[in-house]
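Numbering (this note's numbering), first residue to last: 889 to 1329. First the structure, in the form of structure tokens, and then the observations on it.
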Ligand code: HEC
Ligand code: HEC
Ligand code: HEC
Ligand code: HEC
Ligand code: HEC
Ligand code: HEC
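Below is the structure:
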């Protein structure tokens, strides 16, 4: 069995250099796409991840499959190195335990502990009786893959560096993202510069006029005294007749009006781009991205009800009872629990009370991805509202999107009727997705 591992890891080593290069490229690409088109990035990103997974699965390696399985199921609690996380570091695990034991343990660790296995009981107590999630659905091949990946990650420094390189790639992309200014940003900067130049021009003119009025000829040709007011009026008239000054003033005025209108339009309930600072520096990029913790693990309502739910501090404690508990940010979770006070997260997405939106209908029934509405949450340090959440946005999607009727007996009759009497696929608009009363109480 161990020989088999060695072979796999040799394969894996070469492959992982390629994969890491590939991931780097993909990450860069994704980063760049983000700069040019935030919304369009969502599908492109999905495709890229898919492609990366393909490349990973393609070569041959169990280890490649194992890597994906590890990241999705185990990385939240285990390191591949010897370093402790929620559970022990898995380095050298195949030397500590034999394969059948590992299969039993991973399928159901509680059963192994209950059977009185001394190693298991000792380990369990050592980790404060933290329960490892059971994975009965992982086949023996899956588990071999995971173990091969753990070995590979430890055996060769190059292979070990692969995840780090990938992470570096992602970080690189992030730097590109914040480093390269977007087109819109450049445009705004240029517009600001123009406005400032114009304002400067006008100010200069005013200063000249005023100083002329104050210090200019105090007497006319006839020697009469001319009042300060008259002089000011005369100079202002000359200025007003100057075409350059006139157009400059008009431009400043127009630009100010346009800016005020845009600002005004944005303030009417539309909060796209809103990304408030949160009381704890919780990062989706770290938790949902790097550690691939499932969205449902924390947002427990998405499949079941109207609200997605924000996780309570207890859910954080499943891990942070052990992980990084000395960090000041994590201490805030402890303080909240000790004081029996909920953490006061700042709400980001918020529809007005007269609109009804239900998560389970969209996530569970329609099978939509969170990212279609929320953008690439798993890449955000701080959650930002990516979609406008306007009525037009809801309606637009309802017009374009097919109802997910597959395997849903509820829709069978409707699909038959639709196919008989109408052309094209069954859209949400065909099942009442545009009716006022569906979205308004
Ligand atoms: C929710 C956290 C959690 C997850 C997820 C998890 N584990 Fe564990 N694992 C633990 C804990 C905690 C222990 C220590 C024993 C205990 O307390 O039950 C452990 C122990 C182990 C051990 C024994 C380690 C040793 O040094 O003897 C192995 C092997 C293991 N886990 C493999 C896995 C694999 C493979 C996965 C993914 C398929 C996984 N674990 C997912 C928490 C987790
Ligand atoms: C480890 C727990 C955890 C995981 C996993 C997680 N989230 Fe969150 N999420 C939170 C917490 C805590 C908040 C509130 C703080 C904030 O806004 O950052 C939040 C906030 C949000 C919000 C904004 C809520 C609002 O106020 O409008 C969205 C949207 C969201 N998460 C989507 C996701 C998606 C999509 C995923 C999976 C890719 C995910 N979350 C994974 C814990 C989690
Ligand atoms: C499934 C496990 C898991 C859950 C649940 C979880 N975290 Fe984490 N969290 C981690 C891991 C792993 C790290 C990275 C620790 C490290 O950098 O060594 C982390 C890091 C953090 C950090 C950064 C700490 C620092 O100082 O670097 C914060 C803040 C944090 N988590 C907050 C939360 C909050 C708030 C919740 C609940 C909404 C939560 N976490 C739930 C696993 C989890
Ligand atoms: C069809 C679009 C859509 C999809 C898909 C979607 N959301 Fe939402 N989400 C929204 C809207 C709209 C709101 C604001 C709801 C409100 O204010 O009543 C929201 C709000 C939230 C909130 C804030 C708390 C709440 O429920 O009001 C969280 C957290 C959240 N979504 C997480 C998720 C996660 C996780 C997924 C994927 C499993 C997901 N969403 C999928 C549109 C969507
Ligand atoms: C990304 C596409 C998308 C967006 C954006 C979206 N929806 Fe939907 N919505 C769907 C789909 C698909 C269904 C069909 C679900 C089903 O099969 O019942 C649906 C169904 C519904 C239904 C039930 C309709 C019925 O007749 O059963 C309501 C109500 C609804 N959406 C409200 C909203 C609201 C409110 C918003 C905006 C805040 C919104 N949706 C945004 C895709 C979307
Ligand atoms: C798919 C869901 C959906 C349907 C169908 C729908 N609305 Fe709306 N409507 C919304 C949402 C969401 C908002 C809140 C938008 C915002 O906050 O900008 C809204 C806002 C409004 C407003 C407040 C003005 C505004 O734009 O903010 C009015 C009035 C309104 N809807 C009337 C209607 C009427 C009349 C119909 C039927 C012809 C209808 N709506 C159908 C989702 C819907």
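Even glycine gets a Cβ: it sits at the ideal position worked out from N, Cα and C.
Problem set entry | Minimum C-alpha distance to residue 1195 - residue among 1011, 1010, 1218 and 1245 | By one-based count along the chain shown, residue 1195 stands at place 307. Nearest C-alpha to residue 1195 among 1011, 1010, 1218 and 1245: 1245.
For this session: For residue 1315, name the three-state secondary structure that DSSP assigns.
Result: Counting from 1 along the chain shown, the entry for residue 1315 is found at position 427. Correct three-state label for residue 1315: strand.
For this session: Assign residue 1266 to buried or exposed, taking buried as 16 or more other Cβ atoms, counted over all protein chains shown, within 10 Å of its Cβ.
Result: As a working mapping, residue 1266 is identified with position 378 in the chain shown. Flag for residue 1266 reads buried.
Exercise. Between which two residues does the alpha helix (DSSP H) carrying residue 1038 extend?
Worked result: As a first step, residue 1038 must be located in the chain shown, where it is residue number 150. That run of the alpha helix (DSSP H) goes 1028-1043.
For this session: Compare the beta carbon distance of residue 970 and residue 954 with 9 Å and say whether it is the shorter of the two.
Result: Translated into the one-based positions of the chain shown, residue 970 becomes position 82. Translated into the one-based positions of the chain shown, residue 954 becomes position 66. Result no, Cβ atoms of residue 970 and residue 954 do not sit closer than 9 Å.
Problem set entry | Sequence-distant residues of its chain with Cβ nearer than 6 Å to residue 1199 (five each side left out) | As a first step, residue 1199 must be located in the chain shown, where it is residue number 311. Excluding sequence neighbours, residue 1199 sits near 1186.
Exercise. Within the chosen definition, does the segment 1087-1098 reach the segment 1113-1130 through at least 3 CB pairs nearer than 8 Å?
Worked result: yes
For this session: Decide yes or no for the touch test of the segment 1170-1177 against the segment 1256-1274: beta carbon pairs closer than 8 Å, at least 3 of them.
Result: When C-beta atoms of the segment 1170-1177 are compared with those of the segment 1256-1274, three or more pairs fall below 8 Å, so the two segments count as touching.
For this session: Look up residue 1297 in the DSSP assignment and say whether it is helix, strand or coil.
Result: The residue you call residue 1297 lines up with position 409 of the chain shown. The answer is helix: DSSP assigns residue 1297 an H, G or I state.
Exercise. Got a sec: does ligand 5 put a non-hydrogen atom nearer than 8 Å to the Cβ of residue 1329?
Worked result: Counting from one through the chain shown, the residue named residue 1329 turns up at place 441. Result no, Cβ not under 8 Å from ligand 5.
For this session: Give the DSSP-derived three-state secondary structure of residue 1328 in the structure shown.
Result: Numbered from its first residue, the chain shown carries residue 1328 at position 440. Here residue 1328 carries a strand assignment [DSSP, helix/strand/coil].
For this session: With a threshold of 16 other CB atoms inside 10 Å of the CB of residue 1324, please say whether the residue is buried or exposed.
Result: Sequence index remark: in the chain shown, residue 1324 carries index 436 (1-based). The residue in question, residue 1324, is exposed, as its Cβ has fewer than 16 Cβ neighbours within 10 Å.
For this session: Please check the pair residue 1250 and residue 1193, which I expect to be a contact at CB under 8 Å, by giving their CB distance rounded to whole angstroms.
Result: Looking up residue 1250 in the chain shown gives position 362. Looking up residue 1193 in the chain shown gives position 305. Actually they do not touch by this definition, with Cβ atoms about 12 Å apart.
Problem set entry | CA-to-CA distance, residue 1274 to residue 1197, given in whole angstroms | In the chain shown, residue 1197 corresponds to position 309, counting from 1. In the chain shown, residue 1274 corresponds to position 386, counting from 1. Using only the alpha carbons, I get a separation of about 19 Å.
For this session: Inspect the beta-carbon positions of residue 1022 and residue 996 and report whether they are closer than 9 Å.
Result: Position 134 of the chain shown, counted from the start, is the residue given in the question as residue 1022. Position 108 of the chain shown, counted from the start, is the residue given in the question as residue 996. Cβ atoms of residue 1022 and residue 996: closer than 9 Å.
Exercise. With DSSP run on the structure shown, which of helix, strand or coil describes residue 1018?
Worked result: One-based indexing of the chain shown puts residue 1018 at position 130. When secondary structure is reduced to three states using DSSP, residue 1018 falls in the coil class, being assigned neither helix nor strand.
Exercise. DSSP puts residue 1290 in a beta bridge; with which residues?
Worked result: Within the chain shown, the letter at position 402 stands for residue 1290. In DSSP, residue 1290 forms a bridge with 1315.
Problem set entry | Residue of 1129, 1027 and 1102 minimising C-alpha distance to residue 1116 | Your numbering for residue 1116 matches position 228 in the chain shown. Proximity to residue 1116 across 1129, 1027 and 1102 peaks at 1102, based on C-alpha coordinates.
For this session: Throw me the rounded Cβ distance for the residue 1032 and residue 950 pair, which I believe falls under 8 Å.
Result: The residue given as residue 1032 occupies position 144 in the chain shown. The residue given as residue 950 occupies position 62 in the chain shown. Rounded, the Cβ-Cβ distance is 6 Å, consistent with contact.
Problem set entry | Distance between residue 1148 and residue 1159 (C-alpha atoms, nearest Å) | For the purposes of this step, residue 1159 is taken as residue 271 along the chain shown, with counting starting at 1. For the purposes of this step, residue 1148 is taken as residue 260 along the chain shown, with counting starting at 1. Taking the straight line joining both Cα atoms gives about 16 Å.
Exercise. For ligand 3, any of its heavy atoms closer than 8 Å to the Cβ of residue 1179?
Worked result: Sequence index remark: in the chain shown, residue 1179 carries index 291 (1-based). Checking every heavy atom of ligand 3 against the Cβ of residue 1179, one is found closer than 8 Å.
Problem set entry | Spatial neighbours of residue 1292 in its chain, beta-carbon cut-off 8 Å, leaving aside the 5 residues before and after | Taking the chain shown and counting its residues from 1, one reaches residue 1292 at position 404. Excluding residues within five positions, the ones whose Cβ falls inside 8 Å are 1253, 1254 and 1255.
For this session: List the residues that DSSP assigns as beta-bridge partners of residue 1243.
Result: The count along the chain shown starts at 1 and reaches residue 1243 at position 355. The partner list for residue 1243 (beta bridge, DSSP) reads 1328.
Exercise. Does the beta carbon of residue 1261 fall short of 8 Å from some heavy atom of ligand 5?
Worked result: The residue you call residue 1261 lines up with position 373 of the chain shown. The answer is yes for residue 1261.
Exercise. What is the C-beta distance between residue 1139 and residue 1086, in whole angstroms, given that I count them as a contact (C-beta under 8 Å)?
Worked result: Counting from one through the chain shown, the residue named residue 1139 turns up at place 251. Counting from one through the chain shown, the residue named residue 1086 turns up at place 198. With 8 Å as the limit, residue 1139 and residue 1086 qualify as a contact, their Cβ atoms being about 6 Å apart.
For this session: Tell me where the alpha helix (DSSP H) around residue 1258 begins and ends.
Result: Stepping through the chain shown from its first residue, residue 1258 is reached at position 370. Where residue 1258 is concerned, the enclosing alpha helix (DSSP H) stretches over 1258-1262.
Exercise. Under a Cβ-count criterion, where at least 16 other Cβ atoms within 10 Å of its own Cβ denotes burial, should residue 973 be classed as buried or exposed?
Worked result: On the chain shown, residue 973 is found 85 positions in, with the first residue counted as 1. Residue 973 should be labelled buried.
For this session: For residue 1012, name the three-state secondary structure that DSSP assigns.
Result: Reading the chain shown from its first residue, position 124 is the one you call residue 1012. Of the three classes helix, strand and coil, the one that applies to residue 1012 here is helix, per DSSP.
Exercise. Would the C-beta of residue 957 count as close to ligand 8, meaning under 8 Å from any of its heavy atoms?
Worked result: As for ligand 8, it is missing from this structure, which binds only ligand 1, ligand 2, ligand 3, ligand 4, ligand 5 and ligand 6.
For this session: With DSSP collapsed to three states, give me the class of residue 1134.
Result: Counting from 1 along the chain shown, the entry for residue 1134 is found at position 246. Reduced to three states, the DSSP call for residue 1134 is helix.
Exercise. Can you tell me whether DSSP reads residue 969 as helix, strand or coil?
Worked result: Locating residue 969 in the chain shown gives position 81, where the first residue counts as 1. Looking at residue 969 - three-state DSSP - the assignment turns out to be coil, as it is neither helix nor strand.
Exercise. In three-state terms, what does DSSP make of residue 1084?
Worked result: Locating residue 1084 in the chain shown gives position 196, where the first residue counts as 1. In this structure, residue 1084 counts as helix in the three-state DSSP scheme.
Exercise. Which one of 1238, 1178, 1131 and 1202 has the shortest CA to CA distance from residue 1161?
Worked result: As a first step, residue 1161 must be located in the chain shown, where it is residue number 273. The shortest Cα separation from residue 1161 among 1238, 1178, 1131 and 1202 belongs to 1238.
For this session: Under 7 Å Cβ to Cβ from residue 963, same chain only, skipping five residues before and after it: list those, please.
Result: Here the question's residue 963 lines up with position 75 in the chain shown. Excluding residues within five positions, the ones whose Cβ falls inside 7 Å are 1179 and 1180.
For this session: Have a look at residue 1208 and residue 1183 and give me their C-alpha separation to the nearest angstrom.
Result: As a first step, residue 1208 must be located in the chain shown, where it is residue number 320. As a first step, residue 1183 must be located in the chain shown, where it is residue number 295. Cα to Cα, residue 1208 sits roughly 17 Å from residue 1183.
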